[in-house]
Amino acid sequence: ETGVTQSPTHLIKTRGQQVTLRCSSQSGHNTVSWYQQALGQGPQFIFQYYREEENGRGNFPPRFSGLQFPNYSSELNVNALELDDSALYLCASSLAGGLRNEQFFGPGTRLTVL
Amino acid sequence: TQLLEQSPQFLSIQEGENLTVYCNSSSVFSSLQWYRQEPGEGPVLLVTVVTGGEVKKLKRLTFQFGDARKDSSLHITAAQPGDTGLYLCAGKEYGGATNKLIFGTGTLLAVQP
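If you're matching them up, the sequences are chains W and E in order.
The numbering used here numbers the first residue of the first sequence as 1 and each following residue consecutively.
The numbering used here numbers the first residue of the second sequence as 1001 and each following residue consecutively.
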């Protein structure tokens, strides 16, 4: 069974640029969620994708957008980067339905905005 | 608004000591997970609890879900240096429109040899 993978592992951008982060879900999972984790804090929910459509969104501006592909992999796009976007971006995969709602995380992408 | 509050925020103990981490909320959760995260890595799922009053054991770790499903605790017996890490509780709010996980503030544990 393949776990959740993310790329790249690290990324440095400047203010105003755009970035795309990628995630491959665990085999057998059909739902992908993205979280932002600032240093010293718990992860904050950005959005979730199921059946290639956004299925819930946290308190993040529209410049945060995403995609899910037929193979359940996903992308997170952030436009017009701001300094406060510097964080660890985590992707989690899960299987829709069921009471347990267990989500399994990838290693994350560390984004630094200068 | 932080729905899940964890305490303590930081804990530094000696190898062999016992400790308890608390996760509290005024909201009801339909399921609650505990994760451990090491620096620069993603959170690793330790356990999921779904029933009020449920107790689960994972070797030296004991997890309990409150009867009202608003709080949880993690107890570690005879802590070892390998237990060092950031412990996060996370839950799905009962009746929530999405399956998003709401994370706690985290407890940073350091076990000194």
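A virtual CB, placed ideally from N, CA and C, is assigned to each residue, including glycine.
For W:ALA87, the enclosing beta strand (DSSP E) has its first and last residue at 87–94. Residues are counted here when their Cβ sits less than 8 Å from a Cβ of chain W; for the segment 1037–1055 of chain E these are GLY1040, GLU1041, GLY1042, PRO1043, VAL1044, LEU1045, THR1048 and VAL1050, given in chain order. Its Cα nearest to that of W:SER25, the residue W:GLN68 stands out among W:LYS13, W:LEU88, W:LEU99 and W:GLN68.
Annotation: the continuous beta strand (DSSP E) that includes W:TYR49 extends over 44–50. Just so you know, the alpha carbons of W:VAL113 and E:GLY1052 end up roughly 43 Å apart.
In this structure, E:LEU1088 lies near W:PRO43, with their beta-carbon atoms less than 9 Å apart. Chain E places no beta carbon closer than 9 Å to that of W:SER86, leaving this residue out of the contacts. Neighbours of W:GLU102 across chain E, judged by C-beta separation under 9 Å: SER1031, GLN1033, LEU1045 and THR1048.
Under the 10 Å beta carbon count, W:SER94 is surrounded by 16 or more other beta carbons and is classified as buried. Secondary structure within the segment 52–84 of chain W: the beta strand (DSSP E) runs of 3 or more consecutive residues, fully enclosed, are 53–57, 64–68 and 74–78 (chain order). At least 9 Å separates the CB of W:GLY28 from every CB of chain E.
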